[in-house]
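Here the protein sequences come in this chain order: V and R.
Letter by letter, the first sequence follows residues 1 to 154 in the UniProt record's numbering.
Letter by letter, the second sequence follows residues 1 to 548 in the UniProt record's numbering.
Just below is one structure, and these are the notes that go with it.
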Amino acid sequence: MLLLTFQIGPEAVGLDIRRVREVIPRVRLQRPTGGPAWLAGVFVYHGRVVPVIDLHQLAGHAPCPHHLSSRIILLPVAGDAAGEHLYGILAAQVADLREVPDGVPAMNSLVEDGGIDLGSTVADGGGVLRLLDPERMLPAAARRQILLAAGVPA
Amino acid sequence: MKRLKDFSIKTRLYGLVVNAVLGFTATLGLTYWMAGEYAVSGPLYDRLMLRKSVISDYQPGPMSATEAAFQLSLLLVVTDPAESRSVLEHYRKLHADYRERQEFVRRDLFDGPLKRTLEKDVFPPTDQFFRMAEEEFLPLVAKNDKAAANQLFVTRMRATYQQHRQAIDRAVEVGLEMNATEEADVKRKVHWGNSTLFLISLGTVVLIGLSGWYLSVTIHNSAEVLLARVREMASGASDLTARVPVDSRDEMGQLAEGINGMVAKIQAVVSKVRESSLQILSAASQIAATARQQDATVNGLSSATTEVAAAVREISATGKELSGTMNEVNGRANQAARLASAGRERLGGMEQTMQQLVASTGSISNKLATIREKADSINMVVLTITKVADQTNLLSINAAIEAEKAGEFGRGFLVVAREIRRLADQTAVATLDIENIVRLMQEAVATGVMQMDKFSDEVRTSVTRVGEINTQTGQIIAEVSGLSDRFEQVNEGMRNQAVGAGQINDAMVSMSGDIRKTATSLEEFNRATAHLRGSIELLNQEVAQFKV
């Protein structure tokens with residue numbers, strides 16, 4: 001399984017690249033007035049308004065740093081069969097791919113109710129890597145808002 | 001000729017009292033005599049009354065009808081018509097006189113028993129008599145019926161006349177009685193008045209005499225006391241603390257107070273004079289002492305003058321020595337000036353070198369600035385490379401995503417994408433190294449620039465200091481050159497001083513003479529002071545006569 005690796009705060013996170021639509025540089029985002037703090041803003045992608053979530057803010061860390069490697073990962077909205085609706089997540093050090101064998105033993109995540117779930121933890125060399133699952137990542141309220149913003153009926 | 005002013009006040013006052021008593025007594029005696037002489041029932045009154053009584057005895061009263069009755073009876077006996085007319089005329093006059101007198105009595109006589117008697121008893125029969133004469137008797141006589149007339153006259157008229165006469169007698173009695181009563185009354189009153197007058201006069205005379213005598217004695221005594229005090233004061237030595245006793249507020253009392261005030265003023269003045277004379281005495285003593293001190297001082301001054309003369313000679317000799325020393329110093333100063341000039345030339349060379357150093361520092365600074373600019377250009381290039389590496393990295397990631405999506409067809413491309421990503425990573429690392437090196441270089445250049453600036457400042461300061469030293473050296477040389485003139489001036493001063501010392505010596509000699517003269521004057525002054533002392537002691541003795 002090939003993972004796209006990046007950093008959320010101090011944690012190294014991996015995401016199956018088959019779930020990723022595209023990785024783009026950090027473009028200029030427009031923050032909607034009255035939006036939640038974890039919403040980094042929206043931008044236009046192929047004539048469509050796409051919301052971008054700052055995972056650092058959502059995980060309770062400082063906002064994502066302005067580096068060249070801080071990039072936006074575009075994902076299709078779950079439940080959208082046509083795959084037309086996208087949303088972006090903003091993360092740091094989005095610069096490498098890693099091959100992880102399938103079926104590697106993983107530890108389930110320990111998440112409180114309402115907290116962000118960065119996925120199960122696997123061993124990777126000397127350190128650990130969280131296997132991010134976009135379906136479980138967002139808290140229910142945030143997911144609902146994303147779906148509403150994307151125009152998908154819940 | 002003795003004038004009134006020359007008599008004493010005592011004599012004058014006593015004369016006034018005696019004159020007053022005598023004059024008053026004389027006036028009183030005269031009054032008393034006159035009162036006795038001209039009183040009612042007095043000698044004069046008696047003479048007048050007697051004379052009047054005698055005259056009235058001879059003159060028929062108009063109030064009485066006696067004369068008229070006589071004239072009427074004459075008419076009965078005369079035959080000659082001329083004489084008859086004359087008699088009738090006389091009767092008419094008597095009748096008129098009676099009427100007039102009656103009017104006078106009624107009008108002027110005061111009310112009393114006499115007037116009442118006349119009105120009541122005398123006037124009616126008299127009026128009756130004259131009416132009968134007018135109305136009955138005279139017509140009968142005119143008709144020449146003398147018998148009827150005679151008859152009438154003898155009977156009725158006679159009776160009326162008798163009544164008239166008796167009434168007159170009664171009236172006279174009443175009048176005399178009244179006069180007697182009044183005379184006795186007046187006599188008693190006059191006697192009482194005279195006695196009272198005598199007593200009052202006697203009392204007044206005694207009072208005037210006593211009060212005059214008392215007044216004279218009082219004034220005389222006060223005047224005696226004041227006079228005694230004034231004589232005492234005039235005689236000189238006197239007790240100035242004594243005061244005249246003042247026991248009245250009159251002029252004499254005020255005079256005594258005035259004399260007391262005057263004595264008090266004299267006392268104050270004498271006290272002041274005594275104090276002042278004592279002070280003057282002590283001052284004179286001090287002057288004498290001072291004069292003695294001055295005497296000693298003058299003697300000291302004389303010896304001091306001699307010493308000064310010796311000192312002046314020494315100064316003169318020292319001045320000559322100093323002049324030689326000065327010349328030596330002048331030579332050394334000139335040598336110092338030469339050395340300073342040499343130093344100054346070397347300083348000039350050093351200043352030039354410094355200026356060159358400043359120019360070199362400037363060019364180094366410029367070159368350092370150029371290096372900094374180049375480093376900035378390198379940074380720009382490095383940034384571009386970094387961006388390119390970043391884009392390459394992104395491209396490889398997206399390529400990998402697409403290859404993964406392509407499945408088996410994309411396997412080969414996935415490997416290519418990985419190689420591209422590795423190259424990009426290596427590029428990024430290389431640029432990071434370059435970046436670090438350039439940063440270090442920039443820091444080094446910045447430090448160099450700073451140090452160059454600092455060095456440049458220091459060199460500039462040094463140049464300024466060298467300039468200042470140069471100026472100061474120039475001043476020193478100028479000063480040392482000027483010293484020569486001053487040394488000449490000092491030499492000149494020394495010569496002048498030698499001349500001055502000679503003059504001082506001369507002055508000292510003449511001063512010795514003056515001091516001897518001063519000593520003589522001081523002796524005279526001492527004598528004068530002793531004289532002053534004697535005078536003041538005399539003054540003190542004079543003042544001591546007064547008790548203050």
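By construction, the Cβ of each residue, glycine as well, lies at the ideal position given by its N, Cα and C atoms.
Values in this document were obtained by computation on a predicted structure and should not be read as measured data.
Item: Per-residue contacts from Asn398 of chain R into chain V (C-beta, under 8 angstroms); Value: Glu22 and Val23
Item: Meets three-Cβ-pair contact criterion under 8 angstroms: the stretch 379-398 of chain R and the stretch 502-515 of chain R; Value: no
Item: Per-residue DSSP class, three states only, for Leu110 of chain V; Value: coil
Item: Inter-residue spacing [alpha-carbon to alpha-carbon] between Asn398 of chain R and Gly103 of chain V; Value: 25 angstroms
Item: Cutoff 8 angstroms: Leu4 of chain V Cβ touching any chain R Cβ; Value: yes
Item: Segments of 3+ residues assigned as beta strand (DSSP E) that fall wholly inside the stretch 359-429 of chain R; Value: none
Item: Where Glu404 of chain R falls, given that 16 or more other Cβ within 10 Å makes a residue buried; Value: buried
Item: Terminal residues of the alpha helix (DSSP H) in which Glu173 of chain R lies; Value: Arg158 to Ala234
Item: Within 8 angstroms, strictly: CB atoms of Leu94 of chain R and Ala68 of chain R; Value: yes
Item: Proximal residues to Phe137 of chain R (C-beta, below 8 angstroms), its chain only, five neighbours per side dropped; Value: Leu72, Ala149, Leu152, Phe153 and Met157
Item: Buried or exposed by the 16-neighbour rule on C-beta atoms within 10 Å, applied to residue 166 of chain V; Value: Absent from the model: residue 166 of chain V. The displayed extent of chain V is 1 to 154, so no value can be given.
Item: When R:Arg313, R:Asn334 and R:Ala336 are compared against Ile504 of chain R, the one with the closest alpha-carbon; Value: R:Arg313
Item: Phe129 of chain R - containing alpha helix (DSSP H), residue span; Value: Phe123 to Met132
Item: Delimiting residues of the alpha helix (DSSP H) encompassing Gly29 of chain R; Value: Ile9 to Glu37
Item: Val54 of chain R, enclosing alpha helix (DSSP H) - first and last residue; Value: Pro43 to Tyr58
Item: Cβ neighbour criterion (16 or more within 10 Å) applied to Ala406 of chain R; Value: exposed
Item: Cross-strand partners of Thr121 of chain V (DSSP beta bridge); Value: V:Met107 and V:Arg130
Item: Within chain R, partners of Leu39 of chain V - CB distance below 8 angstroms; Value: In chain order: nothing, as chain R lies at least about 24 angstroms away.
Item: With 16 other Cβ atoms within 10 Å as the buried cut-off, status of Arg338 of chain R; Value: exposed
Item: Beta-carbon neighbours of Glu408 of chain R, restricted to chain V and to distances below 8 angstroms; Value: Going along chain V, no residue has its Cβ under 8 angstroms from Glu408 of chain R, so there is no contact; the nearest lies around 14 angstroms.
Item: Close beta carbons around Ala171 of chain R, own chain, < 8 angstroms, minus the five adjacent residues each side; Value: Leu114, Thr117, Leu118, Asp121 and Val122
Item: Proximity test, Cβ basis, 8 angstroms: Arg71 of chain V and chain R; Value: yes
Item: Proximity of Leu2 of chain V and Ala424 of chain R at Cβ, strictly below 8 angstroms; Value: no
Item: Where Gln93 of chain V falls: helix, strand or coil (DSSP); Value: strand
Item: The stretch 350-368 of chain R: positions lying closer than 8 angstroms to chain V by Cβ; Value: none
Item: Three-way DSSP call (helix, strand, coil) for Thr529 of chain R in this model; Value: helix
Item: Where Ala95 of chain V meets chain R, residues with beta-carbon distance less than 7 angstroms; Value: Asn393
Item: Buried versus exposed, by CB contacts within 10 Å (16 or more), Ala428 of chain R; Value: buried
Item: According to DSSP, residues forming a beta bridge with Arg48 of chain V; Value: V:Tyr45
Item: Identity of the residue in R:Thr155, R:Ser216, R:Lys272 and R:Ile280 nearest Met252 of chain R by Cα; Value: R:Ser216
Item: Residue environment, Ser363 of chain R, which counts as buried when at least 16 other CB atoms sit within 10 Å; Value: exposed
Item: Ala12 of chain V (DSSP reduced to helix, strand or coil); Value: strand
Item: Among R:Leu75, R:Gly112, R:Glu103 and R:Ser481, nearest to Val329 of chain R - alpha-carbon criterion; Value: R:Ser481
Item: Proximal residues, the stretch 428-452 of chain R versus chain V, C-beta separation under 8 angstroms; Value: none
Item: Short CB-CB distance (under 8 angstroms) between Lys405 of chain R and chain V; Value: yes
Item: 7 angstroms Cβ shell around residue 205 of chain V - same chain, five flanking residues per side excluded; Value: This structure cannot speak to residue 205 of chain V, because chain V is shown only from 1 to 154.
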